[in-house]
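Colleague: Questions regarding the structure given below will be posed in turn.
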Amino acid sequence: MRAYYRIEHPQDADIVELEKWVSARLGDFEIAGFIDRLERVKGRLVVSDYKGSVPKRSEYSTDNFRQLMLYALMCQVQLEQTPHEVRVYYLGGGRDEFPRNKRVVSQEVTPEALDEVRTTARHVFDDLNAATASGEFATKVQKLCDWCDYQRWCPAHGGDPSVAHAEGTVAVNIRRKAVGLAPIA
């Protein structure tokens, strides 16, 4: 919390909603997630995310912005409002190590950025479907594996990818039902 207070005082923010659940149907597939913070800055909608890390490279984690652009796309579809900007609040590191102007990094939401993230989501969906159908999963063990819903079928974690299609459909549909989403036929 101290790191957050060094960046801004919460009463200075015009917060619309915290932990906002958003989803969007994009053709024959659906994406969903939680936005850490949806806010208004000078009357414009902004999607914000908190990271417990520090910025590690000059481009300030393209992956973080891709995630936030997906959230912006979901806002555009679900809320019928396109955010003006996405922001990452980096809360890690010492007080003097990273000054405020290096802790909050933003990127403007453009039609091109939304088109690019829509195309990327389509490719990921197609790749996952192809891997599920063939049982051939390219694996890359990393810290993010702990968050993966498909870890139990992943050969890198001792899983059996040959049962992913049958079991995975059931698991995904159970999860959708738990959060109030209908299965996609």
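Using the working numbering, the letters of the sequence shown correspond one by one to residues 1328 to 1512.
Where is the CB? At the ideal position from N, CA and C, for every residue including glycine.
These numbers come from a predicted model, not from an experiment.
1. Using only the alpha-carbon positions, how far apart do G1486 and D1473 sit?
2. Can you list, in chain order, the residues of its chain whose CB lies under 8 Å from that of T1481, leaving out five sequence neighbours each side?
3. Return the first residue and the last residue of the beta strand (DSSP E) that L1353 is part of.
4. Where do the N-terminal and C-terminal ends of the beta strand (DSSP E) with E1412 fall, by residue?
5. Taking all protein chains shown into account, do 16 or more other C-beta atoms lie within 10 angstroms of the C-beta of A1351, making it buried, or fewer, making it exposed?
6. Tell me the rounded alpha-carbon separation between T1459 and A1493.
7. Return the residue from the list V1404, V1343, F1356 that minimises the CA-CA distance to R1449.
8. Confirm, please, whether the CB-CB distance from Y1398 to G1360 is below 8 Å.
9. Quick check on DSSP: helix, strand or coil for V1373?
10. Would S1375 be called buried (16 or more neighbouring beta carbons within 10 Å of its own) or exposed?
11. Assuming V1349 and E1366 form a contact by the criterion Cβ under 8 Å, report the distance between their Cβ atoms to the nearest whole angstrom.
12. Could you give the distance in angstroms between the alpha-carbon of A1340 and the alpha-carbon of V1368?
Modeller: In terms of the structure at hand:
1. Answer to the nearest angstrom: the Cα atoms are 14 Å apart.
2. Looking at the sequence shown, residue 1481 is not Thr but Cys. Only F1464, T1466, C1472, C1475, P1488 meet the Cβ criterion.
3. Boundaries of the beta strand (DSSP E) around L1353: 1341–1353.
4. Its beta strand (DSSP E) spans residues 1412–1417.
5. With 16 or more other Cβ atoms within 10 Å, it is buried.
6. Between the alpha carbons of T1459 and A1493 lies a gap of roughly 9 Å.
7. Measuring from the Cα of R1449, the nearest candidate turns out to be F1356.
8. Yes, they are a contact pair.
9. Strand, per DSSP.
10. Looking at its Cβ environment, which holds 16 or more other Cβ atoms inside 10 Å, S1375 is buried.
11. With 8 Å as the limit, V1349 and E1366 do not qualify as a contact, their Cβ atoms being about 14 Å apart.
12. Using only the alpha carbons, I get a separation of about 8 Å.
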